[in-house]
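Asker: Protein chains in written order, with our numbering: chain A, 1 to 262; chain B, 1001 to 1278.
Glycine is no exception: its CB is placed at the ideal position from the N, C-alpha and C atoms.
It should be emphasised that the depicted structure is a prediction, and the values quoted were computed from it without experimental measurement.
1) Which first and last residues belong to the beta strand (DSSP E) in which residue 1018 of chain B is found?
2) Is DSSP giving residue 1032 of chain B helix, strand or coil here?
3) From this set, A:215, A:209 and A:208, which residue's C-alpha is nearest residue 192 of chain A's C-alpha?
4) Once the 5 residues before and after residue 37 of chain A are set aside, which same chain residues still bring their CB inside 6 angstroms of it?
5) Across which residues does DSSP place residue 30 of chain A in a beta bridge pair?
6) Should residue 1216 of chain B be labelled buried (16 or more other beta-carbon atoms within 10 Å of its own) or exposed?
7) Write down the C-beta distance between residue 244 of chain A and residue 83 of chain A rounded to the nearest angstrom, noting that I regard them as a contact closer than 8 angstroms.
8) Buried or exposed: which applies to residue 173 of chain A, given that a residue is buried once 16 or more other Cβ atoms fall within 10 Å of its Cβ?
9) Consider the Cβ of residue 2 of chain A: report whether some Cβ of chain B lies at a distance smaller than 8 angstroms.
10) Using DSSP's beta-bridge definition, name the partner residues of residue 214 of chain A.
11) Does chain A have any CB closer than 8 angstroms to the CB of residue 1006 of chain B?
12) Check each candidate in B:1121, B:1178, B:1209 and B:1066 and name the one with the smallest Cα separation from residue 1095 of chain B.
13) Using DSSP with H/G/I as helix, E/B as strand and the rest coil, what is residue 140 of chain A?
14) Of all the CB atoms in chain A, is at least one closer than 8 angstroms to the CB of residue 1009 of chain B?
15) Apart from the five residues just before and just after residue 1229 of chain B, which ones in its own chain have a Cβ nearer than 6 angstroms to its Cβ?
16) Is residue 29 of chain A buried or exposed, if buried means 16 or more other CB atoms sit within 10 Å of its CB?
17) Looking at the secondary structure, which residues open and close the alpha helix (DSSP H) in which residue 1275 of chain B lies?
18) Could you check if residue 1242 of chain B is buried or exposed, using at least 16 other CB atoms within 10 Å of its CB as the buried criterion?
19) Can you give the beta carbon distance from residue 224 of chain A to residue 246 of chain A, rounded, assuming they're within the 8 angstroms contact cut?
20) For chain B, find out if any of its Cβ atoms is closer than 8 angstroms to the Cβ of residue 244 of chain A; answer yes or no.
21) At 3 residues or longer, what runs of the beta strand (DSSP E) sit wholly inside the segment 1147–1186 of chain B?
22) For residue 1158 of chain B and residue 1225 of chain B, which I take to be in contact (beta-carbon distance under 8 angstroms), what is that distance rounded to the nearest angstrom?
23) For residue 1127 of chain B, which residues from the same chain have a beta carbon less than 7 angstroms from its beta carbon, with the 5 sequence-adjacent residues on both sides left out?
24) Who are the near neighbours of residue 1101 of chain B in its chain, counting only those whose CB is closer than 7 angstroms to its CB and skipping five residues on each side?
25) Is the shortest distance between the beta-carbon of residue 1201 of chain B and the beta-carbons of chain A less than 8 angstroms?
26) For residue 106 of chain A, name the three-state secondary structure that DSSP assigns.
27) Use the C-beta contact count for residue 189 of chain A: other C-beta atoms within 10 angstroms, 16 or more gives buried, fewer gives exposed.
28) Since residue 1102 of chain B meets chain A, which of its residues come closer than 8 angstroms, beta carbon to beta carbon?
29) Between which two residues does the beta strand (DSSP E) harbouring residue 1045 of chain B extend?
30) Determine the direct distance from the alpha carbon of residue 1135 of chain B to that of residue 1064 of chain B, and round the result to whole angstroms.
31) For residue 24 of chain A, which three-state DSSP category applies?
32) Under a Cβ-count criterion, where at least 16 other Cβ atoms within 10 Å of its own Cβ denotes burial, should residue 47 of chain A be classed as buried or exposed?
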């Protein structure tokens, strides 16, 4: 007796297409689009989805999680400073205390739990899709994004002459890390001028990243390392705790805005 | 004595030291600064005042937030920073002033901050106003044409930067060399913490209980500036030494914690009769 039930190739194809078409129909107009599926983006998306906000994460890679899989020096222990370990508790991630205020956990465990928590909260995900441009409305408010398949950008233009599609949203969150891709697109259009990284090394700059998380332009919120680039904050090392807390703050700011709009 | 000469004499005497407390108040035993200053200048009234943000009227809030956002130093190699504050920067400064966000991690031009604080506090000559802040401050040096972080910016009011105590005086040279090497190798927080612990005691880090002693020494420097316009001493063991290295800061403010002979003599003359000599 065969292990698996019978199913035709055409059924498999139809299942994929029909579900994807249904999903894309919903993505065309949503509450929040998060560009970048690293720790701050996933955290923001998960918190918003838990509050019944419709969220779409656009991730250019096949995999989610960004740099959260691995710690410093290609070693996969990641560290989290207090009070961010409370988020690990919420996600069900086991960790050990290295010293007072500093906790450590395997990167693959923390990252997979965060991805799982975001998906279970109801976050929609478009992976292998790259941010291309912003949708602008009255007074240059950001009101969505233009996206395309990632492989399209990886091949010569004469081979992949594929137009992107636009997705509308009430808010966009730039969680693209140091690149701050959405903010840079506004800069290209002359709508914003960003200073880039601060040249000075200041030990305690991760607080500034969390505290600056919020709107940087009407309709656009920045989280994670994109905050550093956008506001020219001092350089900082890898601090995943601040990425998680920045994501949470970004979700709070977005939720308050959406609630106020209703 | 004529009434005019009496009022002139009174206006030259330091009557009060008012210390505006920081926004976050994370330093342990911060209120011990009051008896400390009082013990040095027994005739001077010492007042601890709320943080600057609490003194701002609602209608001033937007303008002051905008001034603060414009006081940021984004390029340390330029004396003046010429840029329009961003939407998010204004929002951040307003939130800090209203107590909804914490100050920290941003570098501000100390001279511009002094102007902003001066407009809010309107300092008087007979009162030494000193602002303790959680903001990082810098001043531009004409020697090497770049901004440098400061622990104190003497002025009217004087500004003492609490994170500046950790960030401004340089740590031992070997620390930076090792840190740079580790960062090139992609070291994370754990390795940086291990590096810090290998230099334990040679610099102050956040949360160090000894920090309050440094705050007291900086307040002392600010009061001396108010009295004489000369806040610093060149001797490494004197509490008025302007330390540029953490090890010197620890030596002058914690290990020695005394004045040199010259300043001991000067203080003896000043403490019972703190006349403003400018």
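Answerer: So, from the data block:
1) By 1-based counting over the second chain, the position of residue 1018 of chain B is 18. Residues 1016–1020.
2) Indexing the second chain from 1 puts residue 1032 of chain B at position 32. Reduced to three states, the DSSP call for residue 1032 of chain B is helix.
3) Taking the first residue of the first chain as position 1, residue 192 of chain A is located at position 192. Of A:215, A:209 and A:208, the residue nearest in Cα terms is A:215.
4) Locating residue 37 of chain A in the first chain gives position 37, where the first residue counts as 1. Here the set comprises 57, 59 and 64.
5) Locating residue 30 of chain A in the first chain gives position 30, where the first residue counts as 1. Beta-bridge analysis with DSSP links residue 30 of chain A to A:169.
6) Mapped onto the second chain, residue 1216 of chain B falls at position 216. So residue 1216 of chain B ends up on the buried side.
7) Taking the first chain and counting its residues from 1, the one referred to as residue 244 of chain A is at position 244. Taking the first chain and counting its residues from 1, the one referred to as residue 83 of chain A is at position 83. With 8 angstroms as the limit, residue 244 of chain A and residue 83 of chain A do not qualify as a contact, their Cβ atoms being about 10 angstroms apart.
8) Along the first chain, one-based indexing puts residue 173 of chain A at 173. It counts as buried.
9) Here residue 2 of chain A refers to the residue found at position 2 of the first chain. Residue 2 of chain A does not count as touching chain B.
10) Position 214 of the first chain, counted from the start, is the residue given in the question as residue 214 of chain A. For residue 214 of chain A, which the question treats as bridged, DSSP gives the partners A:222.
11) The residue labelled residue 1006 of chain B in the question sits at position 6 within the second chain. Confidence in residue 1006 of chain B is poor, its pLDDT being 41 and thus under 50, which makes the residue's placement unreliable; the coordinate value appears in the next sentence. Judged by the 8 angstroms Cβ criterion, residue 1006 of chain B is not in contact with chain A.
12) Here residue 1095 of chain B is taken as the residue at index 95 of the second chain, counted from 1. Taking residue 1095 of chain B as reference, the option from B:1121, B:1178, B:1209 and B:1066 with the minimal CA-CA separation is B:1066.
13) Along the first chain, one-based indexing puts residue 140 of chain A at 140. In this structure, residue 140 of chain A counts as helix in the three-state DSSP scheme.
14) For the purposes of this step, residue 1009 of chain B is identified with residue 9 of the second chain, where counting begins at 1. In this predicted model, residue 1009 of chain B has a pLDDT of only 42, less than 50, meaning its place in the structure is not dependable; the value taken from the coordinates is given anyway. Chain A, which has no Cβ nearer than 8 angstroms to the Cβ of residue 1009 of chain B, makes this no.
15) For the purposes of this step, residue 1229 of chain B is taken as the residue at position 229 of the second chain. So the qualifying residues of the chain are 1278.
16) As a working mapping, residue 29 of chain A is identified with position 29 in the first chain. Classification for residue 29 of chain A: exposed.
17) As a first step, residue 1275 of chain B must be located in the second chain, where it is residue number 275. No alpha helix (DSSP H) contains residue 1275 of chain B, which DSSP labels as neither H nor E.
18) Walking along the second chain from the start, residue 1242 of chain B turns up at place 242. That one is buried.
19) In the first chain, counting from the first residue as 1, residue 224 of chain A sits at position 224. In the first chain, counting from the first residue as 1, residue 246 of chain A sits at position 246. Residue 224 of chain A to residue 246 of chain A, Cβ: 5 angstroms. Contact.
20) Here residue 244 of chain A corresponds to residue number 244 of the first chain, with the count starting at 1. For residue 244 of chain A, the nearest beta carbon of chain B is not closer than 8 angstroms to its own beta carbon.
21) 1158–1161
22) For the purposes of this step, residue 1158 of chain B is taken as residue 158 along the second chain, with counting starting at 1. For the purposes of this step, residue 1225 of chain B is taken as residue 225 along the second chain, with counting starting at 1. Cβ-Cβ separation between residue 1158 of chain B and residue 1225 of chain B: approximately 6 angstroms, consistent with a contact (criterion under 8 angstroms).
23) Position 127 of the second chain, counting from 1, holds the residue named residue 1127 of chain B. The residues are 1015, 1016 and 1018.
24) As a first step, residue 1101 of chain B is located in the second chain; it is residue number 101 there, counting from the start. Taken in chain order, the residues that qualify are 1092 and 1095.
25) Against the second chain, residue 1201 of chain B aligns to sequence position 201. Chain A contact via Cβ: absent.
26) Translated into positions along the first chain, residue 106 of chain A becomes position 106. Here residue 106 of chain A sits in strand by DSSP.
27) The residue given as residue 189 of chain A occupies position 189 in the first chain. By the neighbour-count rule (16 or more Cβ atoms within 10 Å), residue 189 of chain A is not buried but exposed.
28) Indexing the second chain from 1 puts residue 1102 of chain B at position 102. Residues of chain A passing the Cβ test: 207 and 211.
29) Position 45 of the second chain, counted from the start, is the residue given in the question as residue 1045 of chain B. Residue 1045 of chain B -> beta strand (DSSP E) spans 1045–1049.
30) As a working note, residue 1064 of chain B is residue 64 in the second chain. As a working note, residue 1135 of chain B is residue 135 in the second chain. Cα to Cα, residue 1064 of chain B sits roughly 15 angstroms from residue 1135 of chain B.
31) Counting from one through the first chain, the residue named residue 24 of chain A turns up at place 24. If DSSP states are grouped into helix, strand and coil, residue 24 of chain A belongs with the helices.
32) Within the first chain, the letter at position 47 stands for residue 47 of chain A. Counting of Cβ neighbours within 10 angstroms places residue 47 of chain A among the buried residues, the total reaching 16 or more.
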